[in-house]
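Visitor: For reference, the structure I am asking about is given below.
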């Protein structure tokens with residue numbers, strides 16, 4: 238799993254203009270919370286067949302949402318987000 242601190246770092250790459258108030262989340266989270274292991278759930282919402290919104294939920298091991306963010310697709314750096322998803326779905330082979 239990945240810590241909240243690591244996810245906030247990654248979210249800053251997706252959200253360079255801080256629409257999701259990542260810096261505020263970082264500043265208001267305790268050290269213990271920042272070291273908590275979380276998983277991410279990324280959902281794409283479409284309108285008329287086109288991706289319109291992206292929801293990112295960080296969830297704990299009991300499947301409870303710790304942080305929920307929702308973005309218009311144009312608020313995110315979609316190239317960085319797409320690369321992240323591609324790496325997660327198709328990890329590079331060791332030694333390749």
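In my numbering, the protein residues as written are 238 to 333.
Just so you know, even glycine gets a beta-carbon here, dropped at the ideal spot from N, CA and C.
Model, not experiment: these values are computed from the prediction.
Alpha helix (DSSP H) containing residue 251: first to last residue?
Guide: In the chain shown, the residue the question calls residue 251 occupies position 14. Start and end: 241-251.
Visitor: Mapping DSSP to helix, strand and coil, what is residue 327?
Guide: Mapped onto the chain shown, residue 327 falls at position 90. Correct three-state label for residue 327: coil.
Visitor: Quick check on residue 251: buried or exposed, where buried means 16 or more other Cβ atoms within 10 Å of its Cβ?
Guide: As a working mapping, residue 251 is identified with position 14 in the chain shown. That one is buried.
Visitor: So who's on the other strand from residue 309, going by DSSP bridges?
Guide: Reading the chain shown from its first residue, position 72 is the one you call residue 309. Answer is 290, bridged to residue 309.
Visitor: Can you tell which of 262, 256 and 238 has the C-alpha that lies nearest to the C-alpha of residue 304?
Guide: By one-based count along the chain shown, residue 304 stands at place 67. Per the Cα distances, 262.
Visitor: Just list the residues that DSSP pairs residue 265 with in beta bridges.
Guide: Looking up residue 265 in the chain shown gives position 28. Paired residue(s): none; residue 265 is not in a bridge.
Visitor: So the beta strand (DSSP E) residue 274 belongs to, where does it begin and stop?
Guide: Indexing the chain shown from 1 puts residue 274 at position 37. Residues 274-284.
Visitor: Since residue 293 contacts residue 279 with CB under 8 Å, what's their CB separation in whole angstroms?
Guide: Here residue 293 corresponds to residue number 56 of the chain shown, with the count starting at 1. Here residue 279 corresponds to residue number 42 of the chain shown, with the count starting at 1. Confirmed, Cβ separation roughly 5 Å.
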